[in-house]
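Numbering (the UniProt record's numbering), first residue to last: 1 to 462.
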Ligand SMILES: Nc1ncnc2c1ncn2[C@@H]1O[C@@H]2COP(=O)(O)O[C@H]2[C@H]1O
Ligand SMILES: Nc1ncnc2c1ncn2[C@@H]1O[C@@H]2COP(=O)(O)O[C@H]2[C@H]1O
């Protein structure tokens, strides 16, 4: 039986990615790639399904049918890309990211620079969405959480920067038909199953162990340097501190092995540790830093091997306490932005780790219709992603030259070329943007910068 056009398209996309990335371990690469495609598909399907449900339409009925359900064309409309010049299509209306206009995390602008230096969360105390109320998404235990393959597993992280390719303005990664038994609600990444942060009163962590005065003093020092703990309320902090287990580690000892299942999150009190992806050393960190969060956040295999560079004193926090307390608090921003960043074609080359760091560095701003976000001729300080809303780009003497929507980005030209802003960008609807400062832009976008350069609308060879 010949392959359907959708199957052909999917395989062609995969082939193109293989040619671009030249992976050493093809099977691992394929597993990661298709898992990510599945995530994208689920992400769009979830949004599509909830939209349909809100209109009284059941997209994924439990009734049996022989063929597959096609999650209508609208799913692909706004995966993002660079500014979609002109033209709206009806499909756009159907697509919603977690960041909708009703998103209570949005701050008023003027400005709502709910900054987060060092990965601090925006002050979302007024927020209501994902993290406002008790998020008893369901009551299953951690054991029930499915463990998908890390969508950006090691081989991807360690591969040399792929040859940049021009990313189309509209993503070619359109979601494919969904199988009937497809579970649109299942998340393949961060899951909130066990997070009940507002409800810690009657919960005592399994490893709860009152610390001595001497240990507390040391911990205060170690934790005080770690940004993750700054925002915790005193009760959460008390639970975390008393759940930590002290671990002395000898030089050269392996603390975490890439590919293993995640059990503990670590804070370094003394010494330094090295991180290896494959055989390549990718990082080193010292006192006050922490590691081992990715596998616990995403239920994915360990993304790196961690080895003690010197004798170390570490503090380990068990998986459940980590998820109960830190996931909904200190790592909130990563969770909020995870799906959004993952869905952006221009960021496809980033690893889970890169995306997490990027999310840490994002701030948000909200603009009302008519407000100027960027003015032509100004100096450029930020790069922007549109979480929701619409904006138009205009140039002195030329009028409106582009139209930007949810999932699009702008503000890269000034930062890439050290030039004044080349155009004015104005909100034409209520628009929420995630902003990345200049230094983050240079530090955190990695290979994505090459893609931005190739997409630069002012390039002469366009
Ligand atoms: N470049 C990197 N890629 C992946 N993980 C890294 C990197 N640098 C540091 N790490 C940390 O190494 C840890 C290995 O275990 P985890 O995947 O749970 O979480 C990972 C991160 O905390
Ligand atoms: N044709 C275009 N010319 C200039 N800027 C454009 C164009 N289309 C979109 N833009 C965006 O408008 C932004 C204005 O600020 P920057 O010059 O930093 O980056 C620019 C691009 O992101």
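All C-beta atoms, glycine included, are put in the ideal place defined by N, C-alpha and C. Just so we're clear, the structure is a prediction, and the values are computed from it rather than from any experiment.
Residue i CB to nearest heavy atom of ligand 1 below 6 Å
i           : result
residue 256 : yes
residue 288 : no
residue 291 : yes
residue 358 : no
Reference residue i, options the options, closest by Cα
i           : options           : result
residue 242 : 204, 276, 268     : 204
residue 387 : 22, 10, 338       : 338
residue 357 : 378, 343, 294     : 294
residue 224 : 209, 210, 240     : 240
residue 284 : 277, 290, 273     : 273
residue 278 : 258, 268, 265     : 258
residue 332 : 3, 26, 297        : 297
residue 254 : 221, 307, 269, 29 : 307
residue 430 : 270, 371, 265     : 371
residue 247 : 282, 219, 348     : 219
residue 266 : 251, 222, 230     : 222
residue 415 : 408, 424, 437     : 437
Counted within 10 angstroms of its Cβ, other Cβ atoms place residue i as buried (16 or more) or exposed
i           : result
residue 412 : buried
residue 12  : exposed
residue 375 : exposed
residue 216 : exposed
residue 365 : buried
residue 390 : buried
residue 210 : exposed
residue 405 : buried
residue 344 : buried
residue 334 : buried
residue 418 : exposed
Three-state class that DSSP yields for residue i in the structure shown
i           : result
residue 233 : coil
residue 424 : strand
residue 283 : strand
residue 304 : coil
residue 314 : strand
residue 501 : Any property of residue 501 remains undetermined from this structure, which presents the chain solely from 1 to 462.
residue 83  : Low confidence applies here, because residue 83 scores a pLDDT of 34, under 50, leaving its location unreliable; read the following figure in that light. If DSSP states are grouped into helix, strand and coil, residue 83 belongs with coil.
residue 438 : helix
residue 12  : helix
residue 354 : helix
residue 209 : coil
residue 321 : helix
residue 394 : strand
residue 20  : helix
residue 464 : Since the first and last residues shown for the chain are 1 and 462, residue 464 lies out of range.
residue 460 : coil
residue 250 : coil
Residue i Cβ short of 6 Å to ligand 2 heavy atom set
i           : result
residue 459 : no
residue 401 : yes
residue 421 : yes
residue 385 : no
residue 425 : yes
residue 428 : no
residue 441 : no
Whole-number beta carbon distance between residue j and residue i, since they are thought to touch under 8 Å
i           : j           : result
residue 318 : residue 206 : 7 Å
residue 381 : residue 426 : With a Cβ gap of about 17 Å, residue 381 and residue 426 do not count as contacting.
residue 261 : residue 316 : Wrong, their Cβ atoms sit about 15 Å apart, outside the cutoff.
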